[in-house]
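Residue numbers (our numbering): 3 to 158.
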């Protein structure tokens, strides 16, 4: 559990905080930051509670940091992807619907950052599905999330 939070939350937020510090030291107080999170951060996934919670923490941190930076020219894009084909995704046991290549994900994220978008979530079908799921009572979530169940193996 500690390792999951250290990697996904502490390391990520520490790097972002340092980047902001350096950008604020420059005369123009400007720059672009991309924070990589996950659609899992928008859900409470029973098979990966640490992963879900750690990604949710980063999303919340970025939303608050954006408010703190509102009087600067520092823009943060939160990337909220689904499954991306990487060695890390190979450690997930379970369904990986709508998985895309790392190259395709990078293109989408960079394009959004260049436009100073606050968020980029994909695939859109899953993002909209998650938003709609949040409108339903919690007891019904398990039925819909069954096909997205995965376990995150730390030691593989």
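Ideal Cβ placement from N, Cα and C applies to all residues, glycine included.
*In terms of alpha-carbon separation, which member of 22, 40 and 117 lies closest to residue 1?*
This structure gives no information on residue 1, because the portion of the chain shown stretches from 3 to 158.
*Nearest to residue 26 by CA position, among 72, 131, 47 and 7, is which residue?*
72
_Residues near residue 64 in its chain [Cβ-Cβ closer than 7 Å; skip 5 each side]_ = 37, 78 and 80
*Which term fits residue 88, buried or exposed, when burial requires 16 or more other beta carbons within 10 angstroms of its beta carbon?*
exposed
*Is residue 2 near residue 15, with beta carbons less than 7 Å apart?*
What is shown of the chain runs 3 to 158, which leaves residue 2 out entirely.
*State the beta-bridge partners of residue 77 as determined by DSSP.*
34
_residue 96, enclosing beta strand (DSSP E) - first and last residue_ = 94-96
_Going by DSSP in three states, residue 118 sits in which element: helix, strand or coil?_
coil
*Any idea if residue 62 is buried or exposed, counting beta-carbon neighbours within 10 angstroms, 16 or more meaning buried?*
exposed
*Leaving out five residues on either side along the sequence, give the residues of the same chain with a beta carbon under 6 Å from the beta carbon of residue 68.*
78
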